[in-house]
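Count the sequence shown with the working numbering and you get residues 11 to 461, in order.
Glycine is no exception: its CB is placed at the ideal position from the N, C-alpha and C atoms.
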Amino acid sequence: MNHHTSVAPKRQKSRSDRVNEYVKSPEKQKKLYKKTLWLVVVSQIFGGAGLAAGLTVGALLAQDMLGSDSLSGLPAALFTLGSAAAALIVGRLSQRFGRRVGLGVGFMAGGVGATGVVFAALWDQIALLFVSLLIYGAGTATNLQARYAGTDLALPNQRAKAISTALVFTTIGAVAGPNLVEPTGRMATSIGLPALSGPFILAAVAYLIAGLVLLLFLHPDPFIVAKAIDEEERLNKGSQVKDGKSLQARVDTSRPESSHNRKGLIVGATVMVLTQIVMVGIMVMTPVHMKQHGHGLGDAGLVIGIHIAFMYLPSLLTGVLVDKLGRTFMSCASGVTLLLAGLTAAFAPGESMGLLIVALALLGLGWNFGLISGTAAIIDSTTPKVRAKTQGTVDVLIALAGASGGALSGMVMAGVGYSMLSLAGGLMSLLLIPVVAWSWRKNSTSHSEKG
């Protein structure tokens, strides 16, 4: 009994001391930064596979089970709605307990949801399908929030590159996922499961592995270390102020309002929300559009695979461009690229694989520009005191944007067709330009523009 009570405080102290060692050592911070990036990379490879597999066949599974094209956008709406709730939870968990707990739990929940989808398809249970898709959305939210973990210990001029490093390796799993649709479908039928449940088996395994990697190996936690560093710097800065001003300094640093730049948050969030609506709305209806024109699952998997490759693969170059050319320039580039994607998809013949590939590649690239520039703006606008919580809240908006885009896309396509849906999405993307132009006019001299 006495042995237990004497060991517990010592163990707690040793964890605190370990964090303090990193606070005092820039060299250790650099090593932890690199270790964190590599662990995030591994988790993103598996997380990308979990995300892409479900996106590719989700609409087709709903179409089969519900027997209606107009409701085939529901899966995207449901797992992005689940993603909204999960983003909030993962953000709060990360703020309180660190990235290891927040991201690890989020990925594990996504694996549980994917497993539920498999059983829903097996038993033909619509209610179970809907609930499972909501839980599956946790993996989507976590996969997206993992991009923040690599920036916790990054210098301001490294932030976009750190985001891009995490995103680019998602490509491996994200491209593999759609192209494993047919093999996993055959595997599913060989064990008595519906073919369309096969990709969700892959998603379940991939998300569970991603969660375990972070839970087991991401320590010391980079976000906890970053918070400790920030607190140490704030205390040191306060102690250097003359006595007459030191009280005011302490008051300012204790206020939540001083922990973020409201205008920067608005612009960054708006950029990501608009790109998400446009991307999801066109993407989720593309496999349904292709099926209507005689394309098979393999064709749809190829187009979506290329689309997702362009969502993530250009990230390393995009990160450099965002750091060098600025958040505003690349946000405008996102709007123009998404417009070109919408126009190409709208006027491409349904039988043309080539033009659909070009349209979906541009759609992914425009999303990539918007996500990295918007994410960098959010990080620029916050301090570790509120950063993870704020990032979770912003990702809620992104997920809700995806949910609305997914839900409305099926109804719009059923009413006016895929071409009009794509055209509307392309035109909507132009709203990015006045938003970032407003930001540039209001803050053209701000040093945060280039990170």
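Residue nearest to residue i in terms of C-alpha spacing, selected from the options
i	options	result
Ile-181	Leu-327, Gly-57, Val-422	According to the sequence provided, residue 181 is Thr. The question's Ile does not apply to it. The shortest Cα separation from Thr-181 among Leu-327, Gly-57, Val-422 belongs to Gly-57.
Tyr-322	Thr-175, Phe-117, Pro-444	Thr-175
Tyr-428	Met-197, Asp-405, Leu-372, His-303	His-303
Leu-440	Gly-352, Thr-400, Ala-72, Pro-297	Gly-352
Gly-436	Gly-374, Gly-315, Asp-390	Gly-374
Gly-416	Lys-38, Pro-85, Lys-44	Pro-85
Arg-106	Asp-231, Gly-425, Val-330, Leu-442	Asp-231
Gln-286	Gly-384, Ala-411, Val-396	Ala-411
Ala-59	Ser-391, Met-75, Thr-354, Leu-218	Leu-218
Thr-125	Ser-391, Tyr-146, Met-430, Phe-117	Tyr-146
Thr-400	Asp-134, Ile-201, Leu-275	Leu-275
Val-33	Thr-150, Gly-402, Glu-243, Met-295	Glu-243
Leu-154	Val-115, Asn-246, Glu-192, Leu-61	Leu-61
Leu-165	Asp-390, Gly-402, Ala-434	Asp-390
Val-396	Thr-354, Pro-193, Glu-37, Arg-272	Arg-272
Thr-152	Phe-117, Phe-320, Asn-167	Phe-117
Ala-409	Thr-328, Thr-150, Pro-193, Gly-311	Thr-150
Asn-167	Met-295, Lys-301, Gly-329, Val-426	Gly-329
Met-430	Phe-357, Ile-367, Trp-448, His-229	Phe-357
Pair within 8 Å by beta-carbon distance, residue i and residue j
i	j	result
Val-313	Leu-407	no
Leu-472	Leu-42	Because the chain here runs from 11 to 461, residue 472 falls outside it and cannot be looked at.
Ala-172	Leu-47	yes
Ser-325	Gly-376	no
Ala-398	Ala-87	no
Ser-341	Gly-380	yes
Ile-382	Ala-170	yes
Asp-162	Ala-279	no
Leu-206	Gly-195	yes
Gly-463	Val-128	Beyond the ends of the chain as shown, which are 11 and 461, falls residue 463; an answer cannot be given.
Ala-386	Val-332	yes
Phe-179	Val-51	yes
Ser-419	Gly-315	no
Val-281	Val-446	yes
Ile-234	Gly-108	yes
Met-197	Gly-183	no
Ser-53	Val-223	yes
Ala-119	Ala-137	no
Leu-103	Val-115	yes
Gly-402	Leu-98	yes
Val-298	Ala-130	no
Thr-354	Ala-369	yes
For residue i, the three-state DSSP class (helix, strand or coil)
i	result
Thr-392	strand
Pro-188	helix
Ser-362	coil
Thr-161	coil
Asn-167	helix
Ser-35	coil
Ile-382	helix
Asp-231	coil
His-303	coil
Asn-271	coil
Gln-135	coil
Pro-444	helix
Gly-120	helix
Pro-85	helix
Gln-105	helix
Leu-331	helix
Pro-204	coil
Phe-179	coil
Gly-195	helix
Leu-431	helix
Leu-323	coil
Gly-291	helix
Gly-336	coil
Cβ of residue i within 8 Å of any chain C Cβ
i	result
Thr-199	Chain labels in this structure do not include chain C; a single protein chain is all it has.
Cβ neighbours of residue i in the same chain (closer than 6 Å, five flanking residues each side left out)
i	result
Asn-30	none
Pro-394	Ala-236, Lys-237, Asp-240
Ile-55	Phe-179, Ile-182, Gly-183
Gln-39	Tyr-32, Leu-163
Val-288	Leu-348, Gly-435, Met-438, Ser-439
Beta-carbon contacts of residue i that lie in its chain and below 7 Å, excluding the five residues immediately before and after
i	result
Thr-347	Leu-372, Leu-375, Gly-376, Phe-379
Arg-337	Ser-383, Ala-386, Ala-387, Glu-459
Leu-350	Leu-372
8 Å Cβ shell around residue i - same chain, five flanking residues per side excluded
i	result
Asp-134	Met-75
Pro-444	none
Glu-192	Leu-307, Gly-308, Gly-311
Below 8 Å, can you find three or more Cβ-Cβ pairs linking the region 126-145 to the region 153-167? Pairwise C-beta distances place the region 126-145 out of contact with the region 153-167, as fewer than three of them are shorter than 8 Å.
With contact counted as at least three CB pairs below 8 Å, one residue from each stretch, are the region 182-197 and the region 208-227 in contact? Yes: at least three Cβ pairs fall under 8 Å.
Would the region 87-105 count as touching the region 360-367 if we require 3 or more Cβ pairs under 8 Å? Contact annotation: the region 87-105 does not touch the region 360-367, with fewer than three C-beta pairs closer than 8 Å.
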